[in-house]
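The structure appears right after this line, and notes come after that.
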């Protein structure tokens with residue numbers, strides 16, 4: 011795929027079978043909360059409008075190498091999430107993935123992608139692959155991985171590449 015329009019055309023194929031779910035993450039840093047809020051709001055808007063996500067989950071203070079189960083485990087994240095128009099945190103996303111019966115297209119936006127922790131990503135794939143689901147992910151990760159169950163799409167400016175991960 012070359013751009014967002016290609017992604018949108020791809021997303022409409024078998025759309026009734028898929029639930030498109032978004033995820034946005036901001037690393038822990040010293041930036042002002044108003045800047046963090048503005049950037050996350052922009053990501054949420056893009057996930058909903060351009061990338062067609064029905065639900066969006068957010069990790070407002072989480073580094074890309076933090077394990078999924080350990081993200082958003084502080085009062086600061088819980089308080090911050092209340093001010094965003096989203097469907098809650100990574101903890102809620104993991105619960106949603108475990109309970110949802112439809113196939114899920116997971117769309118992640120952040121500088122490093124869904125995660126830089128490949129061991130945790132492989133664990134994530136293993137936990138969810140046996141539930142009759144396939145996932146795909148729009149992600150800023152630049153590592154080229156092999157395709158099996160998960161299909162990752164990398165966004166480098168306006169260019170989209172299919173990337174894949176073994177399971």
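In the numbering used here, the protein residues as written are 11 to 177.
No residue lacks a Cβ here, since even glycine has one placed at the ideal position from N, Cα and C.
Since the structure is predicted, the reported quantities are computational estimates derived from the model, not experimental observations.
- As far as DSSP is concerned, residue 72 takes part in no beta bridge.
- Between residue 69 and residue 99, the CB-CB gap stays under 9 Å.
- The residue from 114, 133, 119 with its alpha-carbon nearest to that of residue 64 is 114.
- Fewer than three beta-carbon pairs drawn from the region 44-56 and the region 81-88 are found closer than 8 Å, and the two stretches are therefore not classed as touching.
- Per DSSP, residue 80 has no beta bridge partner at all.
- The beta carbons of residue 62 and residue 34 sit no closer together than 9 Å.
- Spanning the alpha carbons of residue 119 and residue 54 requires a straight line of approximately 9 Å.
- In the DSSP secondary-structure assignment, residue 23 is not bridged to any residue.
- Between residue 104 and residue 78 a beta carbon distance of about 6 Å is seen, short of the 8 Å cut, so the two are scored as contacting.
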